[in-house]
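The sequence shown begins at 6 in the numbering used here and counts up by one.
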Amino acid sequence: MAKFKYATLNNIAAAGTDRFHADFEKTENIDEANGILVRSAKMHDMTFSDSLLAIARAGAGVNNIPLDVCARKGIVVFNTPGANANGVKELVIAGMLLASRDVVEGIDWVRSKWNDPDVAADVEKEKKKFAGTEIEGKKLGIIGLGAIGVRVANAAVYLGMDVYGYDPYVGVDSAWHLSRKVTHVTDINEIYKNCDFITIHVPAMDSTKGYISKEAIDMMKPGVIVLNMARDVLVDEKAMIAAIDAGKVRRYVSDFPNPTVAGHRGCITTPHLGASTEESETNCAVMAAEELQEYLETGSIRNSVNYPKCELGVPEAASRICIFHSNKTNMISKFTTVLGGAGINIAEMTNKSRGEVAYSVFDVDSRVSDETIKALQDIEDVFRVRVIQ
6 MAKFKYATLN NIAAAGTDRF HADFEKTENI DEANGILVRS AKMHDMTFSD
56 SLLAIARAGA GVNNIPLDVC ARKGIVVFNT PGANANGVKE LVIAGMLLAS
106 RDVVEGIDWV RSKWNDPDVA ADVEKEKKKF AGTEIEGKKL GIIGLGAIGV
156 RVANAAVYLG MDVYGYDPYV GVDSAWHLSR KVTHVTDINE IYKNCDFITI
206 HVPAMDSTKG YISKEAIDMM KPGVIVLNMA RDVLVDEKAM IAAIDAGKVR
256 RYVSDFPNPT VAGHRGCITT PHLGASTEES ETNCAVMAAE ELQEYLETGS
306 IRNSVNYPKC ELGVPEAASR ICIFHSNKTN MISKFTTVLG GAGINIAEMT
356 NKSRGEVAYS VFDVDSRVSD ETIKALQDIE DVFRVRVIQ
């Protein structure tokens, strides 16, 4: 009999689900699932059963998942940073080329001549309407130097662009992979004022909505091309349209069609194609499945968006107690008091925190009774107690 059950809310590549071994069984009943694999399905209105321990998003964005609700229920939410980075990077480069060379409108003109016997002759007269500019030697500003931003920066360097990157929170791993030819700026206004191309690669959060604002657009160079393959809410798109209509912005390239930008002249809008490659979908599915499987088996947390990183390895003690709780003082002493009162010896312990939540893990030398689990669960500010034994 399978030890864990998982469900899928979207079509997940078989390369991912094939990673689950015999202890895992797929179920169509969401209420009995211990883990859920999801792509874009909306989960905010869902009711989560007590069986659910984790959700793995096969992709980077998690705005379709109620993170705070999950955190308070001790449900770990994973994403797959970097798994789709190359696919998005290639679309950004394609977007720059399409916008700079007026390729889209040129194709539309040719398509309108599908039955014109004189189309070949007309090309020589009309092609000057679609004359563009080259990207070599132009200044590219990148807002956000995560997995995608770094790849875009390095590719642009090889294409001969002068690349500027802004990210006050750039990680060590990103910094190691970033080309030395990229200029790291500490004032984002330098990008707005000086760059011919600007692309944004930051997560969609309350603090980043409207990140590229009217004020930012007003600072930009005339004829600037702006690319947004991250999320539409990051840009004040009404202000962007006004700038296009006024001739300030040359092109706005977005991967998120909506009534504001779809079909508007000066906008190149693709139907959310960033990670829609066979390779990206496979990479995301594999990473999501591996994260989910590792957590359910060992309690280890990698790439969570609502709980701290905590890599534990395979349990070697008799039991592993995983406690999800508020990040408050004296919580550890409360846990050890309960365990000591039950005569349970702690072989090893770990405590990690992230904002208002924390994750404490105790490897103990004996099995844990239901009474002890309940005593831990009854401690104020404990969200969930999970025992692996």
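Virtual Cβ for every residue (Gly too), placed ideally from N, Cα, C.
In the three-state reduction of the DSSP assignment, Gly40 falls in the strand class, which pools E and B.
By the beta-carbon neighbour count (other beta carbons within 10 angstroms, threshold 16), Ala104 is buried.
The region 20-27 makes no contact with the region 263-276; the number of CB pairs closer than 8 Å stays below 3. Under a 10 Å Cβ-count criterion, Ser117 is classified as exposed, with fewer than 16 other Cβ atoms of the shown protein chains found around its own Cβ. When beta bridges are read from the DSSP output, Ala88 appears opposite no residue. Secondary structure at Glu283: helix, using DSSP grouped into helix, strand and coil. Between the region 154-173 and the region 90-104 there are three or more C-beta pairs closer than 8 Å, enough to call the two in contact.
With fewer than 16 neighbouring CB atoms inside 10 Å of its own CB, Ile112 falls in the exposed class. Under DSSP, Gly170 forms a beta bridge with Ile147, His189. DSSP, read as helix, strand or coil, puts Val238 in helix. The alpha-carbon separation between Ile351 and Ile217 amounts to approximately 51 Å. Bounds of the beta strand (DSSP E) holding Ala363 are 362-369. Cβ-Cβ distances below 6 Å link Cys272 to Tyr257, Val266 in the same chain, with the five nearest sequence neighbours on each side left out; the list follows chain order. For Lys10, the CB contacts under 6 Å within the same chain, skipping 5 residues up- and downstream, are Glu30, Thr32, Glu37, Ala38, Asn39 in chain order. Residue burial annotation: Gly154 is buried, with at least 16 other C-beta atoms found within 10 angstroms of its C-beta. Rounded to the nearest angstrom, the Cβ distance from Met292 to Leu96 is 20 Å, too far for a contact under 8 Å.
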